[in-house]
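Student: Going line by line, the protein sequences match chains A and B.
Every letter in the first sequence is one number past the one before it in the working numbering, and letter 436, counting from 1, is 436.
For the working numbering, count along the second sequence from 1 and bump the result up by 1000.
Ideal placement from N, C-alpha and C gives every residue a C-beta, glycine not left out.
Note that the structure is a prediction, hence the values are computed from the model and not measured.
So that we are looking at the same thing, I have put the structure below in structure tokens.
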Amino acid sequence: MTQHILMLLLSLASLLFWGWQTGILWLAGLLALFLLGAWLKRGTYNFEVASFYHIANFCALIVAVIFALYWLDDRASTAILPTVRLLPLAVIPLLLVQYLHKTHTIPSKALLLFQRKTPVQTWFDVSSLFVFTCVFSAGAIPHQGLLYFMGASSLLLALLLVQHRFRQKRQSFILVLMFLLASLLGLVVIDAAQQARQYIEDRFNAWLLEYNHDGSKASTAIGEVGRLKLSDTIIFRVQFNDRVSSLLLLEGTYQRYRGQTWFGGAWQDKPIPFKDEAWVLRAGEVGGQQLQIFQSVEHDKYTLPLPFGAVRIQELDVASLKQTQGDRFEAQGLPPFLTYNVSYQPDYIWLDDVKRSDLDIPKHEAKAVAQFVKQHHLNQIKQEYGTAKAIEVLYQVFLREFRYSTWQRGGQKHESQTALARFLLNHQQGHCELFATATVLVLRELGIPSRYAVGYYMSERVDSSGLFVVRGRDAHAWAVAKVDGQWVNVDNTPPNWFAIEHAQQGQLQWVWDWFSDISFAFKQWRYHHNTLDKIWWFVLLILLFVYLATQVLRRVRTKQGDAKDDEALEEGWRKLEQGLTRCGLGRKQGETVYHWLARIEHGRWSELGVLYNIQHYAEHDWGGEQQQKMAGFVQEIQLFYDQYKIRA
Amino acid sequence: MTSKLKQWQQAFSLRYSVWLLHGLQRITFWNDKIQQRLSAWGLAVIAALVLTLVFGANIKLSSIYQLFALLLTLFVVALLVVWLKSFGRHQQRLNVCREVPKFATVGINTTYYIHLENPHQKDVGVFNISERLVTPKINLNQFLNAKEPDEEKRNWYDRHTGYYRFVWLKNWLQGVVFSSQKVSGLAAGKQQQCMMQFMPLRRGYIHLPMLRLRFAEPLGLAYNMQDITVSDSILVLPKAYQLPNHHAWGGQRKFQQGGVAQASHVGDSEEFSHLREYRDGDSLRHIFWASFARLQTPWVKQYQDEYFSRVALVLDNDVASDKYMLFEEAVSVAAGFAMVEHGQDLLLDMLFVGGHNNAEHILTGRAIASKEQMLESLATLEVCEGSFLGLSIAVQQQSERICGCILIFTTWDDVRQSLVQSLRALSVPVVVLLIHAEHEKPTHDGVISLCMGRIQADLDALSGQL
Chain A
1 MTQHILMLLL SLASLLFWGW QTGILWLAGL LALFLLGAWL KRGTYNFEVA SFYHIANFCA
61 LIVAVIFALY WLDDRASTAI LPTVRLLPLA VIPLLLVQYL HKTHTIPSKA LLLFQRKTPV
121 QTWFDVSSLF VFTCVFSAGA IPHQGLLYFM GASSLLLALL LVQHRFRQKR QSFILVLMFL
181 LASLLGLVVI DAAQQARQYI EDRFNAWLLE YNHDGSKAST AIGEVGRLKL SDTIIFRVQF
241 NDRVSSLLLL EGTYQRYRGQ TWFGGAWQDK PIPFKDEAWV LRAGEVGGQQ LQIFQSVEHD
301 KYTLPLPFGA VRIQELDVAS LKQTQGDRFE AQGLPPFLTY NVSYQPDYIW LDDVKRSDLD
361 IPKHEAKAVA QFVKQHHLNQ IKQEYGTAKA IEVLYQVFLR EFRYSTWQRG GQKHESQTAL
421 ARFLLNHQQG HCELFATATV LVLRELGIPS RYAVGYYMSE RVDSSGLFVV RGRDAHAWAV
481 AKVDGQWVNV DNTPPNWFAI EHAQQGQLQW VWDWFSDISF AFKQWRYHHN TLDKIWWFVL
541 LILLFVYLAT QVLRRVRTKQ GDAKDDEALE EGWRKLEQGL TRCGLGRKQG ETVYHWLARI
601 EHGRWSELGV LYNIQHYAEH DWGGEQQQKM AGFVQEIQLF YDQYKIRA
Chain B
1001 MTSKLKQWQQ AFSLRYSVWL LHGLQRITFW NDKIQQRLSA WGLAVIAALV LTLVFGANIK
1061 LSSIYQLFAL LLTLFVVALL VVWLKSFGRH QQRLNVCREV PKFATVGINT TYYIHLENPH
1121 QKDVGVFNIS ERLVTPKINL NQFLNAKEPD EEKRNWYDRH TGYYRFVWLK NWLQGVVFSS
1181 QKVSGLAAGK QQQCMMQFMP LRRGYIHLPM LRLRFAEPLG LAYNMQDITV SDSILVLPKA
1241 YQLPNHHAWG GQRKFQQGGV AQASHVGDSE EFSHLREYRD GDSLRHIFWA SFARLQTPWV
1301 KQYQDEYFSR VALVLDNDVA SDKYMLFEEA VSVAAGFAMV EHGQDLLLDM LFVGGHNNAE
1361 HILTGRAIAS KEQMLESLAT LEVCEGSFLG LSIAVQQQSE RICGCILIFT TWDDVRQSLV
1421 QSLRALSVPV VVLLIHAEHE KPTHDGVISL CMGRIQADLD ALSGQL
């Protein structure tokens, strides 16, 4: 009994600890009162074994419903950890039923959803599992400091002490010492884990800075030797009703070129205001065209690909949006699937004012760029025919003398030339990043402010859905230049680049596209619905839960009433034994009831022993016939006792 | 092309089975090691470690990794303490001996006692006591041909991986399942008796070479183990099927007069049976005068003719290795014959192939030997492949002396058929019992088929026929 009380106290303490750590102390308090109520009615019922299985099924149903609720919530990027956080709710029904059950234990197979056909061999106290679940769930949110660790340690130590119940204080003392030693070592492990995480994160960030291509960072590298990796993966889809067959979507621009990497210039982030159900990128402007973008997002932060001249973004369900370095629009607090409408003014580019860095040419590239400009007389052309003509001639030069290639050759050993110089003066072949970098630096050499832009070239329309698909290989780099007070796109990559990359697509691309289409259709159904739909889903889920819970719980039954009936039966057995003992037919020490009844009076009551075994050890109860037999035996023994008294 | 494909399939299937068997052996080996070394709490900590590792891997999203760190260090500290204690200075050796029964029967829970004595000056804490048996080696043939009872009720995955079959086969080959017992400490200089239980699964000898005492470290997660060599053995008698109508098994006895050698009276080859009242026509020689003098009423002594019949029970132990499960059932059917109360008028002569492939026989009944002796013999009977001819000759040699013959076969081939025909030709009443697998459905005249898995039902169904 003391053990049971201690386990109850420990269960209540861990429940309150869970509530405190997860910020739902009020719920934990309510549940604790509920548990106390069940404890006061402890041992009242004698549940059938199958009833424990039904209760366990109900617990599994609770977990499934919690998961589904989080999954339906668009805000929750993941449903797993929030579900883990509420796991004690799923163990409480088992704990309640254990309190109410007469033996204060549950069958071990209740925890398994299978292998329930074979007979139960072990029964156990679910309180220990409940304590662990509370501690485990309390850790499902990030905690500052070591409060969680201390609480978890204390509860687990208490659990071990209660379970072991050492007779000698010395043993308890050794246990506590060992636990403290383990806790200290645990702190060391935690510190090591945190430092390892920091180290890995730093190394990963450094790696990302070195090999960045995605445009969501402040730098991008070009000119790695080798094969450009062309991905057929569909990154996003665009609903675009304009008659034009292609469009450039910008992710960001870069101003400084150092080594072989482009960096953004000095910048201070600007938050984008949310007005009239839309994110207003350019106040006072009205968009002439619209497009809709559908995209899966895996991270909490993402740079939106937008057309030049984007004015407003509607239906973008994010926590915040800001304009960051390189005219990038970065969203934070994203749902797993984004759908947003962009209003924009075609053929118009808004970039911030020209800065000194827009004319900057790095020293190590200056010689090659100057040689290239001189070689093609671009300065003279600019002076004689103007900037527009110089840009056109430059385009013609790249088109005529250069070749697009996804393979970039390396230089000779000890060669001092940079990748860009080799591209401009020797190899004259490369991919879009080299063309864009060369264009920016040549334009700057001509005194035209220009920047390096990265984004996507959208041109592949799928006939069946009418949507444009944008793949990994559609990522593109080009130059933007300020000509006659206006920023204009200068894309000098030979126009056949898209065809070359398209020709290299994988043989099984259609298979991946098919999977991608299915995933897209599912996500569109899952996330693209209005609030009313969402409420209906919640209502439907709750109704389904109530229905299933009713179906499961109505099967919970007790054995022949409650435990009090059993006590009455036990009392009956005791009286029978006492009666026979008075007749001089008492049970020997260590003799089982069955063997005793088989021994006395030449085994005339041996069948009564069988009935006793069925009642006490079999999983099923007595049938009507067995009850009748029992009544008959009771009468017979009573008669025997009466006759004995008369004889005596 | 098809035959090549079949060959390839067979080869692949064989290789897969070999791989599966090795895998299962490794899994059960480590499973046994872990279960011996760790307590239920230790196993729970392992499960919790896996859980916290999965959910707490991203330490930015949750604090579960802190729980993982705590559990990990607890586990490591527990193992460290066990390792340090294993150097032996702290371990006290107890005096242990068993009190085991001579016999046990397949499928019946049997108890025995272990006597423990602490001869040291220091108390011993809580410990577990269990038997350590030699782990049987399962070969591919056994693994492929064995069938766990009710295996068809298992799901597809379990049937194809064969894990439960493997575990059952391992236990079956080991022959016994022991349960461990917890002893709540032993004071210095004290003795204690501990009751143990086991369930024999197979006939034959169970050798108990060693006892293992497991002492938990203070955290209660892992055990220090102490193996104590105490050798004992128990003979497990086979399970016996109940025969439906035992009178019919004895054959015809009316032509075999015997029993003179053991009769208590000499001369008339008749044996006194009981007294009864005199009836007209009774011989005066049979009046029992002593009773007549006391009761004043004539009583006569009733005599009966002394006859007995001799029945041969032929257990065919020339069985192919893939049919050894059938043979076990055949032994149980033979044990059924041994268990039947034959009275004083039947001699049961069991014939089988013994050592060096020689046919041997055991005669029971009429105080020559008890049924327990036949059961003992059956308990240790082994399979002797390719030795049926000798057995066949021995049966035919005995045919003049027997009044009936019961043959228990697991194969029904030409050699066995010709033996049956020759016995019938000699006018020996013959009952042939053929034990067969479930998928085989033999329909032979004069042969009683007993299907494995429902042999008792098949025997019960015979009661009307015999």
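Using a C-beta cutoff of 9 Å, does Val1018/B count as contacting chain A?
Tutor: It does not; no Cβ of chain A falls within 9 Å.
Student: What did DSSP end up calling Ala56/A once you bin it into helix, strand or coil?
Tutor: In this structure, Ala56/A counts as helix in the three-state DSSP scheme.
Student: Figure out for me which residue from Val1430/B, Asn1317/B and Gln1421/B has the closest Cα to the Cα of Val1383/B.
Tutor: Asn1317/B
Student: Could you tell me which chain A residues have their CB closer than 9 Å to the CB of Thr1528/B, listed as they occur along the chain?
Tutor: Chain B is shown from 1001 up to 1466; residue 1528/B falls before or after that span and cannot be answered.
Student: May I ask you to report which of helix, strand or coil DSSP gives Pro88/A?
Tutor: helix
Student: Could you give the residue range of the alpha helix (DSSP H) that holds Ser1003/B?
Tutor: Thr1002 to Arg1037
Student: With a 10 Å radius around its C-beta and 16 neighbouring C-beta atoms as the bar for buried, classify Thr1188/B as buried or exposed.
Tutor: This sequence places Ala at residue 1188/B; Thr is not what is there. Exposed, because fewer than 16 other Cβ atoms sit within 10 Å of the Cβ of Ala1188/B.
Student: Let me see if you follow: with CB-CB separation under 9 Å, is His54/A close to chain B or not?
Tutor: no
Student: Tell me which residue opens and which closes the alpha helix (DSSP H) that Ser127/A is part of.
Tutor: Ser127 to Ala138
Student: So who's on the other strand from Trp478/A, going by DSSP bridges?
Tutor: Ala453/A
Student: Can you look up Glu1400/B in the DSSP assignment and give me helix, strand or coil?
Tutor: DSSP places Glu1400/B in coil when its eight states are reduced to three.
Student: If the criterion is Cβ atoms closer than 9 Å, does the pair Leu1389/B and Thr1410/B meet it?
Tutor: no
Student: Please list the residues of the segment 56-86 of chain A that have a C-beta atom closer than 8 Å to any C-beta atom in chain B, keeping them in chain order.
Tutor: Ile80, Leu81 and Val84
Student: Between which two residues does the alpha helix (DSSP H) carrying Asp513/A extend?
Tutor: Gln509 to Tyr527
Student: Touching or not, the segment 1167-1187 of chain B and the segment 1118-1129 of chain B, by the rule of three or more beta carbon pairs under 8 Å?
Tutor: yes
Student: Give the residues from the segment 1061-1074 of chain B that approach chain A closer than 7 Å (Cβ to any Cβ), ordered along the chain.
Tutor: Leu1061, Ser1062, Ser1063, Ile1064, Tyr1065, Gln1066, Leu1067, Ala1069, Leu1070, Leu1072, Thr1073 and Leu1074
Student: Phe132/A versus chain B: which residues are under 7 Å apart at the beta carbon?
Tutor: Chain B residues near Phe132/A: Ala1048.
Student: Where do the N-terminal and C-terminal ends of the alpha helix (DSSP H) with Ser1291/B fall, by residue?
Tutor: Trp1289 to Leu1295
Student: If I measure Cβ to Cβ from Leu249/A and keep anything under 7 Å in the same chain, skipping five residues before and after, which residues do I get?
Tutor: For Leu249/A, where only same-chain residues beyond five positions count, the Cβ hits under 7 Å are Pro305, Leu306, Pro307, Gly455, Tyr456 and Met458.
Student: Looking at the strands, I want to know which residues DSSP matches up with Ile1114/B.
Tutor: Arg1098/B and Cys1194/B
Student: Under the three-state reduction of DSSP, which class applies to Ser1283/B: helix, strand or coil?
Tutor: coil
Student: Using the three-state DSSP reduction, which class does Glu1376/B fall into: helix, strand or coil?
Tutor: helix
Student: Rounded to whole angstroms, how far is the Cβ of Leu100/A from the Cβ of Tyr45/A, which I believe are closer than 8 Å?
Tutor: 5 Å
Student: Using a Cβ-Cβ distance cut-off of 9 Å, determine whether Ala1078/B contacts chain A.
Tutor: yes
Student: Compare the C-alpha of Leu553/A against each of Leu291/A, Ala60/A and Ala32/A and name the closest.
Tutor: Ala60/A
Student: Is any heavy atom of the ligand FMN found at a distance shorter than 8 Å from the C-beta of His1436/B?
Tutor: The model on display carries no ligand, and the ligand FMN is accordingly not part of it.
Student: Is there at least one Cβ from chain B nearer than 9 Å to Gly23/A's Cβ?
Tutor: Put simply, the CB of Gly23/A is far from chain B, with every gap to its CB atoms at 9 Å or more.
Student: Throw me the rounded Cβ distance for the Arg1310/B and Ile1402/B pair, which I believe falls under 8 Å.
Tutor: 5 Å
Student: Would you kindly report the start and end of the unbroken beta strand (DSSP E) that includes His1436/B?
Tutor: Here the beta strand (DSSP E) through His1436/B covers Val1430 to His1436.
Student: Hey, is Phe640/A's beta-carbon within less than 9 Å of any beta-carbon in chain B?
Tutor: no
Student: Which residues of chain B have a Cβ atom closer than 8 Å to the Cβ of Ser183/A, listed in chain order?
Tutor: Leu1070 and Thr1073
Student: So which of Leu1173/B, Val1054/B, Phe1143/B and Leu1186/B has the shortest CA-CA distance to Arg1093/B?
Tutor: Leu1186/B
Student: Given Ala140/A, which residues of its chain have a CB within under 6 Å of its CB, disregarding the five upstream and five downstream residues?
Tutor: Leu81, Val84 and Arg85
Student: Spatial neighbours of Tyr1278/B within its chain, please: CB distance less than 8 Å, with the 5 preceding and 5 following residues excluded, ordered by chain position.
Tutor: Same-chain partners within the cutoff: Ile1287, Thr1297, Pro1298, Trp1299 and Val1300.
Student: Pick out whichever of Cys1451/B, Tyr1016/B, Val1432/B and Ser1332/B has its Cα sitting closest to the Cα of Gly1162/B.
Tutor: Tyr1016/B
Student: Taking all protein chains shown into account, decide if Tyr199/A is buried (16 or more other Cβ within 10 angstroms of its Cβ) or exposed.
Tutor: Tyr199/A is exposed by the Cβ-count criterion.
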